[in-house]
Amino acid sequence: MKNVYSVGQVNSYIRNMFSQDFMLRSIYVRGEVSNCKYHSSGHLYFTLKDEKGSIACVMFSGYRKGLKFRLEEGQQVVALGSVEVYERDGKYQLYAKEIIPDGAGWLYEKFERLKKELAERGLFAPEYKQPVPKYIRTLGVVTAPAGAAVQDIINITHRRNPYVQIILYPAIVQGDQAVPSIVNGIRALERIGVDVMIVGRGGGSIEDLWAFNDEAVAQAVFDCTVPVISAVGHETDTTIIDFVSDLRAPTPSAAAELAVYDVRSFLALLSDKKEGLDRRMKSRLDREKLRLGHMKQRMQYVSPANRIREKRMRALRLEEDLNAAMQRVLEERRGRLRLYAERLKGLSPLDKLCQGFSHVEDEKGRTVSDIERVRPGDLLTIYMKNGRAFAEVKETAAWDPQELQGRPAQEAREENAGEEKE
Numbered sequence: 001m002k003n004v005y006s007v008g009q010v011n012s013y014i015r016n017m018f019s020q021d022f023m024l025r026s027i028y029v030r031g032e033v034s035n036c037k038y039h040s041s042g043h044l045y046f047t048l049k050d051e052k053g054s055i056a057c058v059m060f061s062g063y064r065k066g067l068k069f070r071l072e073e074g075q076q077v078v079a080l081g082s083v084e085v086y087e088r089d090g091k092y093q094l095y096a097k098e099i100i101p102d103g104a105g106w107l108y109e110k111f112e113r114l115k116k117e118l119a120e121r122g123l124f125a126p127e128y129k130q131p132v133p134k135y136i137r138t139l140g141v142v143t144a145p146a147g148a149a150v151q152d153i154i155n156i157t158h159r160r161n162p163y164v165q166i167i168l169y170p171a172i173v174q175g176d177q178a179v180p181s182i183v184n185g186i187r188a189l190e191r192i193g194v195d196v197m198i199v200g201r202g203g204g205s206i207e208d209l210w211a212f213n214d215e216a217v218a219q220a221v222f223d224c225t226v227p228v229i230s231a232v233g234h235e236t237d238t239t240i241i242d243f244v245s246d247l248r249a250p251t252p253s254a255a256a257e258l259a260v261y262d263v264r265s266f267l268a269l270l271s272d273k274k275e276g277l278d279r280r281m282k283s284r285l286d287r288e289k290l291r292l293g294h295m296k297q298r299m300q301y302v303s304p305a306n307r308i309r310e311k312r313m314r315a316l317r318l319e320e321d322l323n324a325a326m327q328r329v330l331e332e333r334r335g336r337l338r339l340y341a342e343r344l345k346g347l348s349p350l351d352k353l354c355q356g357f358s359h360v361e362d363e364k365g366r367t368v369s370d371i372e373r374v375r376p377g378d379l380l381t382i383y384m385k386n387g388r389a390f391a392e393v394k395e396t397a398a399w400d401p402q403e404l405q406g407r408p409a410q411e412a413r414e415e416n417a418g419e420e421k422e
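Numbering follows full-length UniProt numbering, with no gaps: position 206 of the sequence shown is 206.
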């Protein structure tokens with residue numbers, strides 16, 4: 001038998017044929033999604049089918065990062081990728097690199113262009129984002145008046161805080177009139193002065209949500225002075241106002257939870273604070289009561305009357321000490337006074353007169369101590385110990401040193417004794 005090939009050789013040959021076909025290397029395939037499976041490894045396995053056939057598809061985790069929506073059963077999509085043969089099983093499949101919803105490809109391109117343009121203009125810049133107030137009293141809502149979105153917002157708001165007032169602007173959220181209606185709603189609620197505003201709607205296709213991708217709506221959200229929370233579609237849906245708004249919520253229900261503080265949590269917090277304050281106050285009161293009890297016990301041992309008696313006895317002792325000190329000072333001063341008196345007595349002119357000395361004055365009351373100051377005929381007053389005498393000078397004579405030497409020794413001794421007393 002000639003030209004016999006192994007299974008592997010045949011599969012490899014067919015694989016090479018597929019790889020050499022330029023069309024199969026980059027091909028768009030349209031179909032309905034079925035057998036969709038998200039693997040734990042991050043790969044995505046699914047099948048595309050139509051009324052005439054089906055083809056197995058796989059999107060590896062590296063390309064899945066660019067998937068902008070969640071692939072689900074029954075979706076009509078267009079997958080871009082390459083058709084290749086898996087040699088081990090001898091089966092061919094589509095290796096998808098990009099998946100977009102069927103019929104919405106041009107909308108995605110328009111979305112990306114507008115997103116890039118607005119980002120370059122700074123509408124997405126974080127420095128322009130306004131903080132959402134924690135406690136609000138009025139909540140503005142721009143959405144369709146009839147629908148699950150507005151009902152979810154109302155229910156969650158009333159559950160979290162029944163005191164918050166909801167002001168609804170019934171806007172058209174789909175169709176040709178949606179854009180001006182949403183813009184008018186934002187401006188109207190801004191004029192009213194609500195505390196925070198929710199702009200959004202429930203889920204839908206990209207065509208249904210397209211009004212929230214309009215540049216006029218994005219500009220109105222950017223210009224609004226009231227903090228805006230975007231809540232469009234489901235968690236996987238992304239619109240332009242999600243990037244422009246001050247805060248993005250994955251769903252309208254989540255937007256209500258972000259906008260309205262749960263009053264029950266607040267009351268629970270107040271209750272916890274109150275209990276903590278009560279505990280601290282009780283603990284402080286207990287400590288003060290214990291301290292007061294200790295002070296009362298100390299007062300029982302330290303009586304005020306006893307302290308007064310002790311102070312009185314101490315005052316008496318201090319008084320006695322003071323009197324004794326004063327007596328000592330007085331005795332000391334008396335002794336010094338007697339000493340000074342004795343010294344003064346020795347210097348007293350009267351004492352000198354008692355010793356036989358006299359004091360002589362002239363007519364003008366001047367003391368005469370020099371013989372040169374008197375002349376014969378001058379009148380003198382002589383003071384003695386018990387009186388005075390008036391005399392007239394008859395004659396004056398100066399001392400002769402020889403006469404002084406010839407004086408009797410007894411007079412010299414008496415004079416010396418008088419000088420020592422002086």
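Note that beta-carbon positions come from the ideal geometry of N, C-alpha and C, so glycine has one too.
In terms of Cβ geometry, Thr381 and Phe390 form a close pair [threshold 7 Å]. Taking a 10 Å sphere around the C-beta of Tyr169, we find 16 or more other C-beta atoms and assign the residue as buried. It is roughly 12 Å from the alpha-carbon of Met23 to the alpha-carbon of Val29. As for any beta strand (DSSP E) of minimum length 3 sitting wholly inside the UniProt domain "OB-fold nucleic acid binding" (5 to 99), the runs are 27 to 38, 44 to 50, 53 to 59 and 76 to 86, ordered along the chain.
At least 7 Å separates the beta-carbon of Ile240 from that of Leu258. Membership of Arg159 in the alpha helix (DSSP H) is indicated by the continuous run Ala148 to Arg160. For Ile172, the three-state secondary structure derived from DSSP is coil.
DSSP places Phe212 in no alpha helix (DSSP H); its state is neither H nor E. According to the DSSP secondary-structure assignment, Tyr108 is paired through a beta bridge with no residue.
Val329 and Ala341 have their C-alpha atoms roughly 18 Å apart.
Take His234, set aside five residues on each side of it, and the residues of its chain with a beta-carbon closer than 6 Å to its own are Gly203, in chain order.
Taking the C-beta atoms as reference points, Thr251 is found no nearer than 7 Å to Arg201. The beta strand (DSSP E) runs of length 3 or more contained entirely in the region 197 to 252 are, from start to end of the chain, 228 to 232.
Classified as buried, Val226 has 16 or more neighbouring CB atoms from the shown chains inside 10 Å of its CB. The bridge partners DSSP lists for Tyr383 are His359 and Arg388. Within the DSSP secondary-structure output, Pro101 pairs in a beta bridge with Val77. Here the region 150 to 166 lies against the region 254 to 270, with 3 or more beta-carbon pairs under 8 Å apart.
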